[in-house]
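This report refers to the structure that appears directly beneath it.
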Amino acid sequence: MALDGVSLSVSAGETVALIGPSGCGKSTLLRCVIGLVWPDDGTVDVAGERMTPETAEAVRRRMGYVIQEGGLFPHLTARENVALVPEFVGWSPERIRERTDELAALVQLPTDALGRHPGRLSGGQRQRVGIMRALVMDPEVLLLDEPLGALDPMVRADLQRDLRDIFRRLQKTTLLVTHDLSEAEYFAHRIVLMRSGQTIQEGSLKTFRDKPADAFVTAFVEAQESRPG
2 MALDGVSLSV
12 SAGETVALIG
22 PSGCGKSTLL
32 RCVIGLVWPD
42 DGTVDVAGER
52 MTPETAEAVR
62 RRMGYVIQEG
72 GLFPHLTARE
82 NVALVPEFVG
92 WSPERIRERT
102 DELAALVQLP
112 TDALGRHPGR
122 LSGGQRQRVG
132 IMRALVMDPE
142 VLLLDEPLGA
152 LDPMVRADLQ
162 RDLRDIFRRL
172 QKTTLLVTHD
182 LSEAEYFAHR
192 IVLMRSGQTI
202 QEGSLKTFRD
212 KPADAFVTAF
222 VEAQESRPG
């Protein structure tokens with residue numbers, strides 16, 4: 002069983018971080034939210050609209066999704082990757098170009114990088130393009146699955162600052178998956194700790210330290226905080 006009785010609400014404009022050991026169900030929960038995995042029981046509601054096979058396409062367009070390591074199409078340039086959905090729904094080339102340039106400025110991607118294929122971009126640049134692609138339709142909800150997990154520490158620190166600024170500026174409802182407790186605390190209004198397909202505790206890092214729900218919470222926090230560096 003991947004998820005077992007998970008109940009989670011995210012308020013409008015709130016950033017919630019899902020954290021927990023590998024295989025605990027964080028990514029599966031995101032895939033349920035966006036309708037890539039259908040739960041055997043229970044429902045998913047996004048901005049007041051229920052996700053069903055009939056409504057799935059419309060509901061998905063209200064969300065932006067950044068998968069692990071960006072997931073860019075290697076045969077398309079950065080600009081073409083960002084333009085995929087706008088072209089599909091019939092935006093004009095001029096509108097797509099203006100929106101892409103606007104987002105490049107927002108995520109601080111050099112404009113000359115837009116004409117390059119992913120293989121000619123740095124890891125940090127690929128992640129910025131992935132974030133642009135998630136934001137291009139101005140979604141109400143952002144889903145980010147380990148968006149910074151594969152980056153070296155210095156690039157990751159730069160992107161963390163930029164991404165938090167974007168969250169604050171745009172006020173999107175955001176559900177973020179990370180393995181890093183300090184990153185969760187940096188980004189999120191609320192942290193949700195998962196284990197074996199269940200939510201164990203919700204709150205701030207201080208709550209986890211001072212009022213752990215069980216011994217696993219304490220062990221998880223202590224393991225994170227005892228890592229070198």
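My numbering applies: residue 2 is where the sequence shown begins, and numbers increase by one.
For each residue, glycine too, the CB sits at the ideal point set by N, CA and C.
Contact fails between the region 25–38 and the region 96–113, because fewer than three Cβ pairs, one in each stretch, are under 8 Å apart.
Secondary structure note for M133: its alpha helix (DSSP H) is the uninterrupted segment 124–136.
Between the region 11–25 and the region 162–178 there are three or more inter-stretch CB-CB distances shorter than 8 Å, so the stretches are counted as touching. Of all alpha-carbon atoms in I97, E81, G6, L115, the one lying nearest the alpha-carbon of V45 is that of G6. Taking 8 Å as the upper bound for CB-CB distance, Q161 and E184 are in contact here, some 7 Å apart. Boundaries of the alpha helix (DSSP H) around T208: 206–211. Residue range 174–178 is occupied by the beta strand (DSSP E) that includes L176, with no alpha helix (DSSP H) assigned at that position. Per DSSP, the beta bridge partners of V142 are M64, T174.
Under the three-state reduction of DSSP output, M195 falls in the strand class. Excluding sequence positions up to five before and after T56, its CB lies within less than 8 Å of the CB of E50, all in the same chain and listed in chain order. R117 and H190 have their C-alpha atoms spaced approximately 36 Å apart. With fewer than 16 other beta carbons inside 10 angstroms of its own, D113 counts as exposed.
For the pair of segments examined, the region 136–148 was found to touch the region 79–89: the number of CB pairs separated by less than 8 Å reaches three. By the CB criterion at 9 Å, V156 and A79 fall outside the cutoff.
Look at the region 2–88 and you find these whole runs of alpha helix (DSSP H), each 4 residues long or longer: 27–34, 57–61.
Annotation for V90: no alpha helix (DSSP H) segment contains it, and DSSP assigns it neither H nor E. Judged by DSSP in its simplified three-state form, Q202 adopts strand. Secondary structure note for S183: its alpha helix (DSSP H) is the uninterrupted segment 182–188. Annotated three-state conformation of Q109 is coil, per DSSP.
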